[in-house]
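If you read the sequence shown in full-length UniProt numbering, its first letter stands for residue 1, the second for the next number, and so on.
A short worksheet on the structure shown next.
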Amino acid sequence: MVSATSRAAVTGTRLSSVVPASVTGENKDRHLTGLDLAMKLHYIRAVYFFDSKAVEGLTIYDLKKPMFPLLRLYYPVSGRIRRRDGRPFIKCNDGGVRIVEAHCPDWTVEEWLRLPATAADDGGAFDQVLGPDLGFSPLVYVQFTWFNCGGLSVGLSWAHVLGDPFSASAFLNTWAHLLHGHATPDSLHQPGLLDPSPPRFRPNNKKKPSSLKLVDPVGDSWRATSFAKTRTHTFRLTAQQLNDVISRATAGASPAAAAKVSRFDVLSAILWKSMAKLGEDSAAAGLRTVTVCWNKSPAAGREREAPSNEMAVGTVGADFEAAKSEVFELAELIAEKKEDESELIEEAMAAEGGGGFDCVVYGANLTFVNLGKAKIYELEMKGRKPIFANCTIRGVGEVGTVLVLPGPAEEGEESGKVVNVILPAKQLAGLRDELRKSWGIV
């Protein structure tokens, strides 16, 4: 992990604000669902790297100018957290987003990407947390970092209470469309405008969501502090490496059975078994329940939707020891037996009163997040796709989280995968060793 080195290399940081191009007006506040509130201690970090040809001639003025009409379209992004009768909501008061201008004068983009296991938030995205002045904290930061080769990275820091990674990706893709004069919707579908009578659920006393873990009360500082500090390691699998791993993991399965599991299912199963084999050094050792997050709505539809937390949150339970099982057996469980707990989460948050309770989703159990269909490589600059794009999550619990994303397209081949593993340092070292020895994944 190279976070200290890469963050130190980013200098000359300047902060400014951008607001919507026109006044939003009254009575357009955003109601927060139970799932929104369950995600309030988590933060999305994404970074997109471009070569010099993609950004030649562009200035910071050019990059900021599309933000004004973008925020008119995505006006909740410019809001601030407020409370009504104890329940948080987003006041759409045109408070704006923060723009961060930075420079990396000693490195090229290629040199940065050659650093071992560079994570998305290692200096390329602002380190944002809401609070303690909650009512004045921006929900979003966008960082532009110039490298000495003329290349650029675009970094996004996004409060998960606002929306999931698919919403965050759609937000930046729309910015790029505006930057290059492409047509965008006149308005977005805006579900969840403030309802004076939020929907109430009948508490389900028979079952509670196992995908949540309570934390100590955080008040107006929306940061979980009760966990060991986690680190992120990025595994990059080419299309060929991915095919080899999938073929090996499904070798004993019939073609019909193998067709029912996705690459995400297989990669998650490999990580599940590998974590379980770490023994006492792993918080996931012996756990027979994992959390799975996946997109319920078509990714294409997010381009015309206001930000929201639409990803399903579910759990998968095994009645056998994961460490001693076959990978394909675990993959079948993930593909066919996951139970969506999204409504249970809504019920649980409603049962605790208007403001819900303080908890984490990512890392409550070992958590697998399927971002395989996220359109992160559709953020184009002058018709050129990013050299590399990455996304990770902050505020993860100590059991850990795995994000599976598309990798960069390879000429003549389908793309590989990027796998971000977020764990405490000691567990991460053990997992890397296990994956190297058992699967050749480094």
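The C-beta atom is built at its ideal place from N, Cα and C for all residues, glycine as well.
Identity of the residue in the options nearest residue i by Cα
| i | options | result |
| --- | --- | --- |
| T184 | A9, P69, L267 | P69 |
| W175 | A429, L428, I376, V421 | I376 |
| L15 | C92, L162, A125 | A125 |
| K53 | P406, K417, L403, R384 | R384 |
| residue 487 | V316, G135, V399, A318 | This structure gives no information on residue 487, because the portion of the chain shown stretches from 1 to 442. |
| R30 | G395, L423, I81 | I81 |
| L35 | E26, F144, L212 | L212 |
| Y141 | D133, P132, G135, V154 | V154 |
| L423 | K437, R436, L152, G395 | G395 |
| A38 | P217, A318, V316 | P217 |
| L435 | R288, V316, L267 | L267 |
Close-in-space but distant-in-sequence residues of the same chain around residue i (CB under 6 Å, 5 per side omitted)
| i | result |
| --- | --- |
| V367 | According to the sequence displayed, residue 367 carries Thr and not Val. Hits under 6 Å: T291, T401. |
| Q190 | A306 |
| P20 | L71, R72, Y75, S78, D94 |
| A312 | W294, K296, D340, S342 |
| S3 | Any reading at S3 needs caution, since the residue's pLDDT is 46, under 50, leaving its predicted position unreliable; the model's value is listed next. Excluding residues within five positions, the ones whose Cβ falls inside 6 Å are D122. |
| A224 | L41, V215, V360, G395 |
| L134 | I81, D220 |
| H177 | T184 |
| L162 | L139, P307 |
| residue 448 | Residue 448 cannot be examined here, being either before or after the span of the chain that is shown, 1 to 442. |
| L237 | G416, K417 |
Neighbourhood of residue i by C-beta, 7 Å cutoff - its chain only, sequence neighbours within 5 removed
| i | result |
| --- | --- |
| P302 | In the sequence on display, residue 302 carries Arg and not Pro. If we look at R302 and ignore the five residues flanking it on each side, its Cβ neighbours are F166, S167, A170. |
| K64 | V18, I99 |
| P386 | Y48, F49, F50, Y377, L379 |
| W439 | V245, I270 |
| K91 | D29, G79, R80, R82 |
| A120 | For A120, the predicted model reports a pLDDT of 49, less than 50, meaning its position is unreliable; a value from the coordinates is still stated below. The residues are R45, A46, V47, N390, C391, T392. |
| L130 | I81, S137, A159, W222 |
| K207 | L344 |
Sequence-distant residues of the same chain with beta carbon closer than 8 Å to residue i, five excluded per side
| i | result |
| --- | --- |
| Q22 | Before going on, a small fix: residue 22 reads as Ser here, not Gln. Cβ within range, chain order: R72. |
| S187 | L73 |
| G372 | S262, R263, F264, V404, L405, P406, K417 |
| K260 | E332, A335, E336 |
| N173 | E303, K375, E378, L379 |
Residue i versus residue j - alpha carbon distance
| i | j | result |
| --- | --- | --- |
| D127 | G219 | 20 Å |
| A269 | L333 | 9 Å |
| W222 | K40 | 7 Å |
| E343 | E310 | 12 Å |
| V361 | G397 | 8 Å |
| A322 | W272 | 7 Å |
| P106 | N148 | The sequence shown places Asp at residue 106, not Pro. In a straight line, the C-alpha of D106 is about 6 Å away from that of N148. |
| V97 | P66 | 13 Å |
| E410 | A374 | 17 Å |
| M381 | H180 | 8 Å |
| Y43 | T232 | 14 Å |
| E346 | F388 | 36 Å |
| P325 | A335 | Residue identity differs from the one stated: residue 325 is Ser in this sequence, not Pro. If you take the alpha carbons of S325 and A335, they lie about 16 Å apart. |
| C104 | E110 | 12 Å |
| D358 | S210 | 15 Å |
| D433 | V442 | 8 Å |
| Q143 | E101 | 6 Å |
| S247 | A318 | 23 Å |
| M1 | T24 | Since pLDDT at M1 reaches only 35, below the 50 mark, its modelled position is unreliable, and no value is offered. |
| G57 | R304 | 30 Å |
| A249 | L152 | 38 Å |
| V316 | N370 | 14 Å |
Simplified DSSP state of residue i, which is helix, strand or coil
| i | result |
| --- | --- |
| A374 | coil |
| V404 | strand |
| G155 | strand |
| L271 | helix |
| L287 | coil |
| I345 | helix |
| A409 | coil |
| I441 | coil |
| P88 | strand |
| I393 | strand |
| I44 | strand |
| A120 | Model confidence at A120 stands at a pLDDT of 49, short of 50, so the residue's coordinates are unreliable; what they give is reported in the following sentence. Coil at A120, not helix or strand. |
| N365 | strand |
| G219 | coil |
| M39 | coil |
| P424 | strand |
| T174 | helix |
| W107 | coil |
| L32 | coil |
Residue i CB to nearest heavy atom of the ligand ATP below 7 Å
| i | result |
| --- | --- |
| A389 | By its list of ligands, the structure shown contains no ligand whatsoever, and the ligand ATP lies outside what it can speak to. |
Are three or more beta carbon pairs between the stretch 9 to 16 and the stretch 323 to 333 nearer than 8 Å? no
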